[in-house]
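Reading the sequence shown from the start, the letters are residues 597 to 759 in the numbering used here.
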Amino acid sequence: MSAPGIEIKLTLNGQSILARIAQEDRLLDFLRYGRGLTGTKEGCGEGECGACTVLLDGVPVNSCLIPAWQARDRTVETVEAVPEGELGSLLESGATQCGACTPGVVMTAWWVRRNRDLVETHGLRELMAGNLCRCTGYDGIIEGLGAWLESAQSGNEEPGGAA
Ligand code: FES
Ligand code: FES
Numbered sequence: 597m598s599a600p601g602i603e604i605k606l607t608l609n610g611q612s613i614l615a616r617i618a619q620e621d622r623l624l625d626f627l628r629y630g631r632g633l634t635g636t637k638e639g640c641g642e643g644e645c646g647a648c649t650v651l652l653d654g655v656p657v658n659s660c661l662i663p664a665w666q667a668r669d670r671t672v673e674t675v676e677a678v679p680e681g682e683l684g685s686l687l688e689s690g691a692t693q694c695g696a697c698t699p700g701v702v703m704t705a706w707w708v709r710r711n712r713d714l715v716e717t718h719g720l721r722e723l724m725a726g727n728l729c730r731c732t733g734y735d736g737i738i739e740g741l742g743a744w745l746e747s748a749q750s751g752n753e754e755p756g757g758a759a
């Protein structure tokens with residue numbers, strides 16, 4: 597008898613992997629409980645808060661809404677893939693207090709940092725609108741992201757980071 601579930605191949609945080617998932621698993625479940633990537637948080641569980649944000653083929657998605665099988669043959673990046681030490685200006689600006697929203701905020705901010713042309717057509721608050729925060733009033737998040745973008749622009753890039 598074959599093992600239960602579905603086998604999928606994907607690239608997770610830069611590594612090509614084979615994984616067996618249950619048909620009903622959300623991408624969030626697969627990451628947290630299947631792979632131990634607990635940086636990705638569950639807040640609302642229904643696509644409202646952005647705490648579960650990961651990058652799917654480089655674009656932020658709510659992993660609580662995505663069936664895990666939809667990651668098949670695709671690229672998934674979680675907060676664990678963001679280089680440590682690169683978050684200084686983002687986190688020093690008061691962008692985080694309780695921290696519940698922070699992994700999702702970091703992933704959306706990382707997407708903006710890697711696609712800086714977005715800021716030519718969208719405001720930072722608009723780009724971050726999918727990530728709710730109950731603590732900071734958002735000013736720290738927006739200031740931190742602005743400083744992070746500036747530090748990248750001045751050539752202070754992380755190795756292999758902002759594209
Ligand atoms: S937990 Fe996914 S959007 Fe809130
Ligand atoms: S820092 Fe508490 S929800 Fe954002």
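The beta-carbon is built from N, C-alpha and C at its ideal position, and this holds for glycine as well.
C-alpha distance - Y629 paired with G736, whole-angstrom precision: Cα to Cα, Y629 sits roughly 31 angstroms from G736.
E676 versus R631 - alpha carbon distance: Cα-Cα distance, rounded: 12 angstroms.
Neighbour-count burial assignment, E682, 16 or more Cβ in a 10 Å radius: A residue is called buried when at least 16 other Cβ atoms come within 10 angstroms of its Cβ; E682 meets this threshold and is buried.
Beta-carbon contacts of V672 that lie in its chain and below 8 angstroms, excluding the five residues immediately before and after: L606, T607, L608, N609, L623, L627, V650, L651, L652.
Close beta carbons around D621, own chain, < 6 angstroms, minus the five adjacent residues each side: Leaving aside the five residues that flank D621 on each side, the residues in its chain whose CB is nearer than 6 angstroms to its CB run, in chain order, A664.
Inside the segment 638-703 only - beta strand (DSSP E) runs reaching at least 3 residues: Taken in chain order, the whole beta strand (DSSP E) runs of length 3 or more contained in the segment 638-703 are 649-652, 655-658, 671-673.
For Q611: DSSP bridge partner residues: Its beta-bridge partners are L608.
Chain-order list of residues whose beta-carbon lies under 7 angstroms from that of S747 (same chain, five-residue window excluded): Here S747 has S685 as same chain residues with Cβ atoms under 7 angstroms from its own Cβ, once five neighbours each way along the sequence are excluded.
CA nearest to the CA of T674, picked from R668, K637, C645: Per the Cα distances, K637.
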